[in-house]
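Before any comments, here is the structure.
Numbering (our numbering), first residue to last: 753 to 979.
Next comes the structure, spelled out in structure tokens:
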């Protein structure tokens, strides 16, 4: 599905800010200029700038414009980013080539997994390990479990908790993190409208990649490309 125009514009500016093509401590063009360049309305531009603000890349100054921050952070707040493939997310965050490795196998649910998924111990789950790198540098590794047929879950809610934790050995090895050092971790739970668990994912990132927060959000309906 094609990304909404405001997301395309925000991603373009984000890549240029992070690569240094747009230097820190400078002002972005006016809404009118951005709208004219991209053949969109100023309403669309405003949504794009709001996106950049949520990502921690810019600050909006009343009656002055939009200012590029000196030390931008990567922030996972925008709802449409939660269901993106890693290729899309990291491609938008980096100007370097992105590579993704996946290992998929079917496993028997442990007693603990059976309890949280509401299934019987020994029932089948799909286990996926995903490793991502940008420019040859590791940027994430994740362990995902989902019910068969739910690789792209039709979830109504996402619960996500982000914090700093000491990763398990495999994650530390991929991220090239010294043993015992904490990294940024995200624990995700995708649920249907009845709060039935469809998929879990534990993701590890290099420390300080994202700001820490916890939230529960309603996901956009499938096919929603609202501008």
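Yeah, the Cβ is synthetic: ideal placement off N, Cα and C, and Gly gets one too. Since this is a predicted model, take the numbers as computed values, not measurements.
Pick from the options that is closest to residue i, judged by C-alpha positions
{"i": "residue 926", "options": "886, 775, 943", "result": "886"}
{"i": "residue 947", "options": "958, 907, 932", "result": "907"}
{"i": "residue 786", "options": "798, 776, 777", "result": "798"}
{"i": "residue 864", "options": "875, 857, 855", "result": "875"}
{"i": "residue 802", "options": "762, 897, 866, 938", "result": "762"}
{"i": "residue 836", "options": "770, 899, 759, 921", "result": "759"}
The beta strand (DSSP E) enclosing residue i, as first and last residue numbers
{"i": "residue 952", "result": "949-957"}
{"i": "residue 851", "result": "850-860"}
{"i": "residue 902", "result": "Per DSSP, residue 902 belongs to no beta strand (DSSP E) and is neither H nor E."}
{"i": "residue 915", "result": "909-917"}
{"i": "residue 943", "result": "935-943"}
Same chain only: Cβ atoms within 6 Å of residue i, ignoring 5 sequence neighbours per side
{"i": "residue 884", "result": "838, 842, 852, 891, 892"}
{"i": "residue 869", "result": "949"}
{"i": "residue 855", "result": "881"}
{"i": "residue 829", "result": "Confidence at residue 829 is low in this model, with a pLDDT of 44, below 50, so the placement of that residue should be treated as unreliable; the coordinate-derived value is given next. Hits under 6 Å: 806."}
{"i": "residue 780", "result": "818"}
Own chain partners of residue i with C-beta closer than 8 Å, once the 5 adjacent residues on each side are dropped
{"i": "residue 943", "result": "907, 908, 909, 910, 911, 949, 950"}
{"i": "residue 959", "result": "916, 929, 933, 934, 935, 936"}
{"i": "residue 782", "result": "817"}
{"i": "residue 772", "result": "none"}
Continuous alpha helix (DSSP H) stretch holding residue i: start and end
{"i": "residue 767", "result": "757-771"}
{"i": "residue 840", "result": "838-845"}
{"i": "residue 867", "result": "863-869"}
Own chain partners of residue i with C-beta closer than 7 Å, once the 5 adjacent residues on each side are dropped
{"i": "residue 778", "result": "820"}
{"i": "residue 848", "result": "886, 887"}
{"i": "residue 858", "result": "876, 878"}
{"i": "residue 804", "result": "762, 765, 766, 810"}
{"i": "residue 866", "result": "872, 873, 875"}
Supposed close pair residue i, residue j - CB separation, criterion 8 Å
{"i": "residue 919", "j": "residue 862", "result": "At roughly 20 Å, the Cβ-Cβ gap does not stay under 8 Å, so residue 919 and residue 862 are not in contact."}
{"i": "residue 913", "j": "residue 894", "result": "So it is not a contact: roughly 14 Å between Cβ atoms."}
{"i": "residue 757", "j": "residue 796", "result": "5 Å"}
{"i": "residue 954", "j": "residue 941", "result": "That pair is no contact at about 10 Å."}
{"i": "residue 794", "j": "residue 784", "result": "6 Å"}
{"i": "residue 844", "j": "residue 924", "result": "About 26 Å separates the two Cβ atoms, so there is no contact after all."}
{"i": "residue 822", "j": "residue 788", "result": "No, residue 822 and residue 788 are not in contact; Cβ-Cβ is about 28 Å, not under 8 Å."}
Secondary structure, beta strand (DSSP E): runs of 3+ residues fully inside the segment 783-814: 810-813
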